[in-house]
Amino acid sequence: MTDSLNVLGKPLEPCSTDPMTGFFRNGCCETGPSDRGRHIVCAVVTDEFLEYSKAQGNDLTTPMPRFNFPGLKAGDQWCLCLERWREAHKAGKAPKVVLAATHQIALERVQLSVLEQFAIDGDNA
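Numbering-wise, the sequence shown is residues 1 to 125 according to this note's numbering.
Right, here's the structure in full:
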């Protein structure tokens, strides 16, 4: 774990280790220069979101072992790309988020008040 902060200004908490998530597959929605997609939103995926993502060309349900990707099902927590979450939000398909595990960089593109509307944790949930 690094010194990364979440959208609440506190230390970034893990998103999921089952399935193991994060761009670096360390369970956290951390980012760095090699993470062009900014996998920083800890989301609790739904069937509706998974169908939406697949329709947009990103099938998150099919396992891809060579990329250490198990395939997701509703209820899984996963570090989503910030822009995919924003697209889903605009389309009315955004999944819930775990504020404590969502990287503070998300605030560059999404207001905290918007994320709080989808929060399943935190003082503002």
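Here a beta-carbon is modelled for each residue, glycine too, at the ideal position from N, C-alpha and C.
For arginine 86, the CB contacts under 7 Å within the same chain, skipping 5 residues up- and downstream, are Arg109, Val110 in chain order. Per DSSP, the beta-bridge partners of cysteine 42 are Cys79.
In the structure shown, the three-state DSSP call for alanine 119 is strand. If you check the CB distance, serine 16 and glycine 32 do not come in under 8 Å. In this structure, the straight-line span from the alpha carbon of glutamate 30 to that of leucine 99 is close to 13 Å. The beta carbons of leucine 82 and arginine 36 sit about 11 Å from each other, so the pair does not count as a contact at 8 Å.
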